[in-house]
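Asker: When you read off a place in the sequence shown, starting at 1, and then add 3, the result is the number in my numbering.
Every residue, glycine too, gets a C-beta built ideally from N, C-alpha and C.
All figures in this text were calculated on a predicted structure; none of them were measured in a lab.
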Amino acid sequence: MNILISGIAGDIGFGVGRILRDWGISKNLIGIDTGNEHPGKLLFDSVLLAPRAMDPSYIDWLHNLITEYKVDLFIPTSEAEISVISKNIDVITKITKVLINAPSLIDICMDKHAMLLFLSSQGVRVPDHGLMGVDTPINFPVIVKPRRGRGSKDIKQIDSVLELSSDNDGEVWQELLLPAEQEFTCAVYVRPNLETRILQLKRTLVGGYTGKAEVFDNSDISKYIQDIVNIFKIHGCFNIQLRLTKQGPLLFEINPRLSSTLVFRDKLGFMDLRWWICDKLGLEAPSYKRPKIKTKIYRGNIEYIV
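#1: Report, in whole angstroms, the separation of the C-beta atoms of residue 206 and residue 216, which I expect to be a contact under 8 Å.
#2: CB residue 187 to CB residue 204, shorter than 8 Å?
#3: From residue 123 to residue 241, what does the alpha carbon distance come to, in whole angstroms?
#4: Residue 306: buried (16+ other C-beta within 10 angstroms of its C-beta) or exposed?
#5: Would you mind sorting residue 268 into buried or exposed? The rule is 16 or more other CB atoms within 10 Å of its CB.
#6: Please report the distance separating the alpha-carbon of residue 185 from that of residue 247.
#7: Do the region 62-79 and the region 37-45 make contact, defined as three or more Cβ pairs closer than 8 Å?
#8: Rounded C-beta distance between residue 80 and residue 158? I'm assuming under 8 Å.
#9: Label residue 177 either buried or exposed according to how many other C-beta atoms from any shown protein chain fall within 10 Å of its C-beta, with 16 as the threshold for buried.
#10: Residue 194 to residue 104, Cα distance in whole Å?
#11: Assuming residue 139 and residue 213 form a contact by the criterion Cβ under 8 Å, report the distance between their Cβ atoms to the nearest whole angstrom.
#12: Spatial neighbours of residue 75 within its chain, please: CB distance less than 6 Å, with the 5 preceding and 5 following residues excluded, ordered by chain position.
#13: Can you give me the start and stop residues for the alpha helix (DSSP H) that residue 232 sits inside?
#14: Which of the three DSSP states is assigned to residue 132 in this structure?
#15: Which value, in whole angstroms, describes the spacing of the CA atoms of residue 137 and residue 22?
#16: Quick one: is the Cβ of residue 77 within less than 7 Å of any heavy atom of the ligand FAD?
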(Lines of atoms letter the chains of each structure in order from A; the text may use other names.)
(Lines give C-alpha, C1' and ligand atoms only; values in the text may rest on other atoms or scores of the structure.)
Protein backbone atom coordinates (compact mmCIF):
# COMPACT_ATOMS: atom_id res chain seq x y z
CA MET A 4 0.00 0.00 0.00
CA ASN A 5 1.29 3.46 -0.93
CA ILE A 6 0.42 6.12 1.64
CA LEU A 7 0.99 9.85 1.13
CA ILE A 8 1.36 12.10 4.18
CA SER A 9 1.54 15.89 4.04
CA GLY A 10 3.08 18.36 6.47
CA ILE A 11 5.86 16.01 7.52
CA ALA A 12 8.03 18.82 8.90
CA GLY A 13 5.39 19.30 11.59
CA ASP A 14 4.87 17.17 14.67
CA ILE A 15 1.56 15.78 13.41
CA GLY A 16 2.73 14.74 9.95
CA PHE A 17 5.97 13.28 11.27
CA GLY A 18 4.03 11.55 14.06
CA VAL A 19 1.71 9.94 11.50
CA GLY A 20 4.79 8.61 9.71
CA ARG A 21 6.21 7.20 12.94
CA ILE A 22 2.99 5.34 13.75
CA LEU A 23 2.59 3.94 10.24
CA ARG A 24 6.22 2.82 10.10
CA ASP A 25 5.82 1.04 13.43
CA TRP A 26 2.52 -0.50 12.27
CA GLY A 27 3.96 -1.79 8.99
CA ILE A 28 0.74 -1.27 7.06
CA SER A 29 2.45 0.50 4.15
CA LYS A 30 5.24 -0.73 1.89
CA ASN A 31 5.84 2.82 0.68
CA LEU A 32 5.50 5.97 2.81
CA ILE A 33 5.61 9.18 0.78
CA GLY A 34 6.08 12.45 2.64
CA ILE A 35 5.57 15.99 1.38
CA ASP A 36 6.13 19.42 2.88
CA THR A 37 6.61 23.00 1.75
CA GLY A 38 10.09 23.07 3.28
CA ASN A 39 13.05 20.72 3.33
CA GLU A 40 14.57 21.51 6.73
CA HIS A 41 13.40 18.36 8.48
CA PRO A 42 14.57 14.75 9.04
CA GLY A 43 11.83 13.23 6.89
CA LYS A 44 14.17 11.17 4.74
CA LEU A 45 15.12 9.12 7.82
CA LEU A 46 11.51 7.93 8.11
CA PHE A 47 9.84 8.16 4.71
CA ASP A 48 10.68 6.17 1.58
CA SER A 49 10.19 9.23 -0.63
CA VAL A 50 10.27 12.91 0.35
CA LEU A 51 9.11 15.67 -1.97
CA LEU A 52 8.83 19.45 -1.85
CA ALA A 53 5.24 20.67 -2.19
CA PRO A 54 3.73 24.04 -3.13
CA ARG A 55 1.79 25.83 -0.41
CA ALA A 56 -1.82 24.81 -0.07
CA MET A 57 -3.01 28.29 -1.07
CA ASP A 58 -0.93 28.23 -4.26
CA PRO A 59 -3.29 28.07 -7.28
CA SER A 60 -1.25 25.13 -8.61
CA TYR A 61 -1.57 23.03 -5.45
CA ILE A 62 -4.55 20.83 -6.37
CA ASP A 63 -3.23 20.07 -9.87
CA TRP A 64 0.21 19.32 -8.42
CA LEU A 65 -1.31 17.02 -5.80
CA HIS A 66 -3.47 15.27 -8.40
CA ASN A 67 -0.42 14.55 -10.56
CA LEU A 68 1.61 13.31 -7.58
CA ILE A 69 -1.12 10.94 -6.41
CA THR A 70 -1.44 9.55 -9.93
CA GLU A 71 2.32 9.17 -10.48
CA TYR A 72 2.97 7.42 -7.17
CA LYS A 73 -0.23 5.33 -7.32
CA VAL A 74 -1.25 6.55 -3.88
CA ASP A 75 -3.81 4.34 -2.13
CA LEU A 76 -4.41 6.65 0.83
CA PHE A 77 -3.68 10.35 1.36
CA ILE A 78 -3.41 11.76 4.90
CA PRO A 79 -3.30 15.59 4.99
CA THR A 80 -2.19 16.93 8.38
CA SER A 81 -1.80 20.72 8.17
CA GLU A 82 -4.86 22.92 8.63
CA ALA A 83 -4.09 24.88 5.46
CA GLU A 84 -4.09 21.72 3.36
CA ILE A 85 -7.11 20.22 5.11
CA SER A 86 -9.09 23.38 4.39
CA VAL A 87 -8.18 23.46 0.69
CA ILE A 88 -8.59 19.71 0.17
CA SER A 89 -11.98 19.76 1.90
CA LYS A 90 -13.16 22.33 -0.64
CA ASN A 91 -11.82 20.17 -3.50
CA ILE A 92 -12.60 16.78 -2.03
CA ASP A 93 -14.50 15.50 -5.07
CA VAL A 94 -11.42 16.03 -7.27
CA ILE A 95 -9.09 14.06 -4.98
CA THR A 96 -11.45 11.22 -4.03
CA LYS A 97 -11.84 10.33 -7.70
CA ILE A 98 -8.25 9.04 -7.69
CA THR A 99 -7.54 7.96 -4.09
CA LYS A 100 -8.97 7.64 -0.60
CA VAL A 101 -8.45 10.59 1.74
CA LEU A 102 -8.31 10.47 5.54
CA ILE A 103 -10.19 13.67 6.28
CA ASN A 104 -13.25 14.74 8.23
CA ALA A 105 -16.54 15.75 6.63
CA PRO A 106 -16.47 19.22 5.00
CA SER A 107 -19.31 20.39 7.27
CA LEU A 108 -17.26 19.66 10.42
CA ILE A 109 -14.15 21.27 8.95
CA ASP A 110 -15.97 24.42 7.82
CA ILE A 111 -17.50 25.01 11.25
CA CYS A 112 -14.52 24.13 13.43
CA MET A 113 -11.78 25.83 11.40
CA ASP A 114 -13.53 29.12 12.21
CA LYS A 115 -13.32 29.50 15.99
CA HIS A 116 -16.04 32.15 16.08
CA ALA A 117 -18.44 30.18 13.87
CA MET A 118 -17.82 27.05 15.96
CA LEU A 119 -18.78 28.77 19.21
CA LEU A 120 -21.86 30.39 17.65
CA PHE A 121 -23.02 27.08 16.20
CA LEU A 122 -22.60 25.05 19.39
CA SER A 123 -24.26 27.76 21.47
CA SER A 124 -27.23 27.72 19.08
CA GLN A 125 -27.48 23.95 19.71
CA GLY A 126 -27.63 24.38 23.48
CA VAL A 127 -23.99 23.61 24.32
CA ARG A 128 -22.39 25.74 27.03
CA VAL A 129 -19.56 27.84 25.56
CA PRO A 130 -17.46 30.75 26.87
CA ASP A 131 -18.57 34.35 26.40
CA HIS A 132 -17.05 35.37 23.09
CA GLY A 133 -17.13 37.76 20.17
CA LEU A 134 -15.12 39.37 17.40
CA MET A 135 -12.69 42.18 18.07
CA GLY A 136 -13.89 45.37 16.40
CA VAL A 137 -17.46 44.07 16.30
CA ASP A 138 -18.39 42.93 19.81
CA THR A 139 -16.71 44.67 22.74
CA PRO A 140 -16.17 42.47 25.80
CA ILE A 141 -17.80 43.73 28.97
CA ASN A 142 -16.08 41.54 31.53
CA PHE A 143 -12.33 41.03 31.78
CA PRO A 144 -9.90 39.35 31.52
CA VAL A 145 -10.40 37.87 28.05
CA ILE A 146 -8.08 36.13 25.66
CA VAL A 147 -7.66 37.20 22.04
CA LYS A 148 -6.53 34.82 19.30
CA PRO A 149 -6.63 34.41 15.52
CA ARG A 150 -9.99 33.37 14.13
CA ARG A 151 -8.40 30.50 12.22
CA GLY A 152 -5.45 28.18 12.87
CA ARG A 153 -2.38 28.52 15.07
CA GLY A 154 -3.50 26.03 17.74
CA SER A 155 -2.52 27.38 21.17
CA LYS A 156 -0.10 29.96 19.75
CA ASP A 157 -0.50 33.73 19.28
CA ILE A 158 -2.87 34.03 22.24
CA LYS A 159 -2.96 37.34 24.11
CA GLN A 160 -4.58 38.11 27.46
CA ILE A 161 -6.42 41.43 27.74
CA ASP A 162 -7.08 42.57 31.31
CA SER A 163 -9.02 45.81 30.77
CA VAL A 164 -10.83 47.84 28.12
CA LEU A 165 -7.78 50.14 27.99
CA GLU A 166 -5.74 47.32 26.45
CA LEU A 167 -8.10 46.78 23.52
CA SER A 168 -6.49 47.62 20.19
CA SER A 169 -7.73 47.94 16.62
CA ASP A 170 -4.68 45.88 15.65
CA ASN A 171 -6.67 42.84 16.76
CA ASP A 172 -9.82 43.63 14.78
CA GLY A 173 -11.31 40.48 13.27
CA GLU A 174 -9.74 38.19 15.86
CA VAL A 175 -11.77 36.18 18.36
CA TRP A 176 -12.07 37.13 22.01
CA GLN A 177 -13.19 34.66 24.66
CA GLU A 178 -13.61 34.91 28.39
CA LEU A 179 -10.55 33.64 30.23
CA LEU A 180 -11.47 30.21 31.53
CA LEU A 181 -10.17 29.35 34.99
CA PRO A 182 -8.53 27.60 36.67
CA ALA A 183 -5.68 27.32 34.16
CA GLU A 184 -4.42 24.11 35.73
CA GLN A 185 -7.68 22.36 34.79
CA GLU A 186 -7.01 22.30 31.05
CA PHE A 187 -7.80 19.15 29.07
CA THR A 188 -7.09 18.04 25.54
CA CYS A 189 -9.62 15.39 24.58
CA ALA A 190 -9.15 13.10 21.59
CA VAL A 191 -12.42 11.94 20.06
CA TYR A 192 -12.87 9.11 17.59
CA VAL A 193 -16.34 8.47 16.19
CA ARG A 194 -16.75 5.19 14.31
CA PRO A 195 -19.02 4.88 11.24
CA ASN A 196 -21.79 3.51 13.50
CA LEU A 197 -21.25 6.63 15.72
CA GLU A 198 -19.74 4.60 18.57
CA THR A 199 -17.62 7.19 20.38
CA ARG A 200 -14.24 6.76 22.04
CA ILE A 201 -12.84 9.59 24.14
CA LEU A 202 -9.43 10.07 25.73
CA GLN A 203 -9.17 12.85 28.32
CA LEU A 204 -5.67 14.19 28.95
CA LYS A 205 -5.18 16.82 31.64
CA ARG A 206 -2.29 18.74 30.19
CA THR A 207 0.44 21.28 30.76
CA LEU A 208 1.47 23.37 27.79
CA VAL A 209 5.12 23.90 26.88
CA GLY A 210 5.71 26.29 23.99
CA GLY A 211 2.11 26.01 22.78
CA TYR A 212 2.17 22.20 22.74
CA THR A 213 1.22 19.52 25.26
CA GLY A 214 4.46 19.05 27.21
CA LYS A 215 3.08 16.63 29.78
CA ALA A 216 -0.30 15.15 30.54
CA GLU A 217 -2.20 12.71 32.72
CA VAL A 218 -5.05 10.37 31.75
CA PHE A 219 -8.38 11.28 33.37
CA ASP A 220 -11.97 10.05 33.17
CA ASN A 221 -14.27 12.83 34.32
CA SER A 222 -17.96 12.03 33.82
CA ASP A 223 -18.95 15.68 33.29
CA ILE A 224 -16.36 16.01 30.52
CA SER A 225 -17.48 12.74 28.92
CA LYS A 226 -21.12 13.88 28.84
CA TYR A 227 -20.18 17.33 27.51
CA ILE A 228 -18.18 15.79 24.65
CA GLN A 229 -20.83 13.18 23.88
CA ASP A 230 -23.42 15.98 23.60
CA ILE A 231 -21.19 17.65 20.98
CA VAL A 232 -20.74 14.37 19.10
CA ASN A 233 -24.52 13.90 19.09
CA ILE A 234 -24.95 17.32 17.49
CA PHE A 235 -22.47 16.75 14.67
CA LYS A 236 -23.38 13.06 14.09
CA ILE A 237 -20.28 12.68 11.93
CA HIS A 238 -17.78 9.81 11.69
CA GLY A 239 -14.19 10.92 12.09
CA CYS A 240 -11.37 12.01 14.34
CA PHE A 241 -11.06 15.35 16.11
CA ASN A 242 -9.74 17.03 19.23
CA ILE A 243 -11.61 19.14 21.79
CA GLN A 244 -9.72 21.49 24.08
CA LEU A 245 -11.47 22.65 27.24
CA ARG A 246 -11.12 23.74 30.82
CA LEU A 247 -13.00 22.31 33.78
CA THR A 248 -14.46 25.44 35.42
CA LYS A 249 -16.80 26.02 38.37
CA GLN A 250 -19.63 26.00 35.80
CA GLY A 251 -18.45 22.66 34.45
CA PRO A 252 -16.45 21.89 31.30
CA LEU A 253 -16.23 24.70 28.73
CA LEU A 254 -14.48 24.21 25.41
CA PHE A 255 -12.37 26.85 23.75
CA GLU A 256 -11.35 25.03 20.57
CA ILE A 257 -12.17 22.06 18.35
CA ASN A 258 -9.47 20.88 15.95
CA PRO A 259 -11.14 18.89 13.12
CA ARG A 260 -8.00 16.85 12.45
CA LEU A 261 -5.41 14.64 14.05
CA SER A 262 -3.61 16.50 16.83
CA SER A 263 -0.06 16.73 18.14
CA THR A 264 -0.66 14.15 20.90
CA LEU A 265 -1.37 11.36 18.40
CA VAL A 266 1.88 9.48 19.17
CA PHE A 267 1.18 9.78 22.92
CA ARG A 268 -2.28 8.37 22.33
CA ASP A 269 -1.10 5.52 20.14
CA LYS A 270 1.40 4.42 22.77
CA LEU A 271 -1.39 4.50 25.39
CA GLY A 272 -3.56 2.22 23.26
CA PHE A 273 -5.90 4.95 22.02
CA MET A 274 -5.07 4.22 18.38
CA ASP A 275 -7.36 6.70 16.65
CA LEU A 276 -5.15 7.02 13.57
CA ARG A 277 -5.12 3.23 13.06
CA TRP A 278 -8.87 2.91 13.72
CA TRP A 279 -9.63 5.70 11.27
CA ILE A 280 -7.49 4.12 8.54
CA CYS A 281 -9.02 0.68 9.09
CA ASP A 282 -12.56 2.05 8.99
CA LYS A 283 -11.71 3.99 5.83
CA LEU A 284 -10.17 0.99 4.07
CA GLY A 285 -12.50 -1.71 5.40
CA LEU A 286 -9.77 -3.44 7.42
CA GLU A 287 -10.03 -5.07 10.83
CA ALA A 288 -9.19 -2.40 13.39
CA PRO A 289 -6.96 -2.92 16.46
CA SER A 290 -8.93 -3.64 19.61
CA TYR A 291 -9.45 -0.92 22.21
CA LYS A 292 -8.45 -1.20 25.83
CA ARG A 293 -9.02 1.95 27.86
CA PRO A 294 -5.77 3.54 29.08
CA LYS A 295 -5.24 3.32 32.82
CA ILE A 296 -6.41 6.39 34.73
CA LYS A 297 -3.60 8.57 36.18
CA THR A 298 -1.10 7.33 33.59
CA LYS A 299 1.35 10.18 32.96
CA ILE A 300 2.99 11.09 29.67
CA TYR A 301 5.88 13.45 28.95
CA ARG A 302 7.11 14.97 25.72
CA GLY A 303 10.88 14.71 25.29
CA ASN A 304 13.38 15.59 22.59
CA ILE A 305 14.74 13.25 19.93
CA GLU A 306 17.90 14.06 18.00
CA TYR A 307 18.10 13.27 14.27
CA ILE A 308 21.31 13.40 12.26
CA VAL A 309 20.77 13.64 8.51
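Answerer: According to the structure data:
#1: 4 Å
#2: yes
#3: Cα-Cα distance, rounded: 19 Å.
#4: exposed
#5: Its Cβ being crowded by 16 or more others within 10 Å, residue 268 is buried.
#6: 5 Å
#7: no
#8: Rounded, the Cβ-Cβ distance is 22 Å, inconsistent with contact.
#9: Looking at its Cβ environment, which holds 16 or more other Cβ atoms inside 10 Å, residue 177 is buried.
#10: 12 Å
#11: Actually they are not in contact, since the Cβ atoms of residue 139 and residue 213 sit about 33 Å apart, beyond 8 Å.
#12: Only 4, 5 meet the Cβ criterion.
#13: 222-235
#14: strand
#15: 44 Å
#16: Looking for the ligand FAD in the displayed structure turns up nothing, as the structure carries no ligands at all.
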